[in-house]
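Take a look at the structure below.
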Amino acid sequence: MYYIGVEHGAALPACQALNKAGNNLGGQHYMRLRRRDLFSDICLRRTHIRIYRMRLAVLWASVISAFAVSAGAAAEESAQAVLDHARSVYADMSSYSDTGTVVKEYSATSHEEHRFSTLFTRAPRHFLFDFYKQTGDRMVIWGDPDAFHVWWKTTGQVTEYPNPKNTGAISLSDYPTDGAITKIPTLLYSKASLSGALARFAPASVESTEPIGGQPCYRLGGKTNDLYGESGKQVNIRNLTVWIDTKTYLVKRVLEESPAAPGMLDRTTTTFDPKANPAIADASFKFSPPK
């Protein structure tokens with residue numbers, strides 16, 4: 089086949105040139121289409137990645153939120169569990185002893201510090217609580233298998249509380265001892281239904297773990313109250329913080345804070361150095377009121 093203006097022998101190179109040009113144009117068009125497809129594919133992949141990341145972020149937010157709620161609930165449960173464990177430890181003790189202090193704060197510059205000691209055996213029943221006030225006053229509450237007895241230096245009198253109506257020896261001594269007598273003894277005599285800051289304590293949470301005397305303690309925060317007479321009405325509602333040894337579950341410190349007038353404090357800190365189930369000689373419970 090001959091083309092006008094193209095001599096024989098020149099047709100083949102011309103056709104080859106045309107084919108090459110066509111191939112080049114077709115190749116370029118193909119590459120443009122390929123690049124467009126690749127670009128679309130990259131955009132689609134990036135969109136999918138963004139959606140995946142958004143879904144993952146929502147999922148993690150849900151997990152973290154659920155964990156926080158669960159952790160809060162667990163903390164509340166553990167606070168009550170710690171207190172219940174401590175109460176059971178005291179209720180099961182065969183003997184107990186401690187020394188301690190009571191610090192009463194009235195303002196940033198005004199406070200009093202008192203000291204006390206406790207001895208207890210369950211069988212035979214013996215009890216001795218000796219409280220010394222900073223002012224020089226003193227109160228001693230002691231018990232034997234037949235009765236409880238209270239001697240108060242202010243009055244110089246001994247009051248007897250024979251069985252079975254003997255709980256007044258502890259409950260009526262709350263004010264003269266700045267609440268010290270109605271803390272640990274209410275746990276030791278748990279079946280007597282004695283009222284006191286620890287007996288009425290409702291823990292809200294385990295606030296932290298803090299060392300006291302080199303030993304880590306659970307710090308429980310919550311509220312406590314007093315009961316008004318036979319009506320059973322809750323009065324004197326106040327904040328209560330209790331430190332309980334993580335190993336022995338013995339109470340090491342109790343902090344009570346009540347509302348106060350501006351510039352004033354109504355804070356009582358009772359600290360204990362306790363011993364569980366020590367050997368105590370019967371002679372240690374003997375007390376003879378001074379003449």
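Residue numbers (our numbering): 89 to 379.
Just so it is clear, CB atoms sit at the ideal spot from N, CA and C, and this is done for glycine as well.
Run the CB neighbour count on residue i, radius 10 Å, all protein chains shown included, and call it buried at 16 or more, exposed below.
i, result
"Met-271", "Before going on, a small fix: residue 271 reads as Lys here, not Met. The residue in question, Lys-271, is buried, as its Cβ has 16 or more Cβ neighbours within 10 Å."
"Val-330", "buried"
"Asp-234", "exposed"
"Ala-268", "buried"
"Asp-370", "exposed"
"Ser-185", "buried"
"Ala-156", "Because the pLDDT at Ala-156 is just 44, under 50, the model does not fix this residue reliably, and the value given afterwards should be weighed accordingly. Exposed, by the Cβ-count rule."
"Val-294", "buried"
"Glu-318", "exposed"
Alpha carbon to alpha carbon, what distance is there between residue j and residue i?
i, j, result
"Ser-205", "Leu-275", "16 Å"
"Tyr-194", "Asp-262", "18 Å"
"Phe-236", "Met-181", "20 Å"
"Gly-231", "Val-339", "22 Å"
"Ala-176", "Arg-141", "According to the sequence displayed, residue 176 carries Ser and not Ala. Roughly 51 Å separates the two Cα atoms."
"Asp-333", "Ser-296", "12 Å"
"Phe-208", "Tyr-249", "17 Å"
"Lys-279", "Pro-378", "33 Å"
"Arg-203", "Ser-166", "32 Å"
"Lys-311", "Asn-327", "5 Å"
"Gly-188", "Val-342", "11 Å"
"Leu-315", "Leu-171", "21 Å"
"Gln-168", "Thr-356", "23 Å"
"Gly-224", "Ala-196", "23 Å"
"Asp-266", "Ala-367", "28 Å"
"Arg-226", "Leu-216", "13 Å"
"His-214", "Phe-373", "7 Å"
"Glu-201", "Ala-174", "26 Å"
What residue range is occupied by the uninterrupted alpha helix (DSSP H) comprising residue i?
i, result
"Leu-275", "272-276"
"Ala-257", "256-259"
Tell me where the beta strand (DSSP E) around residue i begins and ends.
i, result
"Gly-310", "303-316"
"Phe-375", "Unbroken run through Phe-375: none, as it is neither H nor E."
"Gln-245", "245-250"
"Leu-212", "One detail in the question is off: residue 212 reads as Pro in this sequence, not Leu. No beta strand (DSSP E) holds Pro-212; DSSP gives it neither H nor E."
"Lys-221", "Per DSSP, Lys-221 belongs to no beta strand (DSSP E) and is neither H nor E."
"Val-340", "The identity of residue 340 in the sequence shown is Lys, whereas the question assumes Val. Where Lys-340 is concerned, the enclosing beta strand (DSSP E) stretches over 339-345."
Excluding five sequence neighbours on each side, which residues of the same chain lie with their C-beta closer than 8 Å to the C-beta of residue i?
i, result
"Glu-298", "Pro-304, Cys-305, Arg-307 and Trp-331"
"Lys-363", "Tyr-184, Ser-185 and Asp-186"
"Ser-283", "Ser-259, Thr-270, Thr-274, Asp-314 and Leu-315"
Looking only at its own chain, which residues have a Cβ that is under 6 Å from the Cβ of residue i, when we skip the five neighbours before and after it?
i, result
"Val-228", "Asp-218, Trp-239 and Phe-375"
"Pro-273", "Ile-258"
If I measure Cβ to Cβ from residue i and keep anything under 7 Å in the same chain, skipping five residues before and after, which residues do I get?
i, result
"Ala-199", "Before going further, note that residue 199 is His rather than Ala in the sequence given. Within the same chain, His-199 has close Cβ partners Val-191, Lys-192 and Glu-193."
"Asp-361", "Asp-186, Thr-187 and Gly-188"
"Thr-336", "Ala-364"
"Gly-256", "Tyr-249"
> Between the stretch 279-287 and the stretch 297-306, do three or more beta carbon pairs fall short of 8 Å?
Replying inline: no
> Quick one: any contact between the stretch 352-369 and the stretch 314-322, if contact means 3 or more CB pairs under 8 Å?
Replying inline: no
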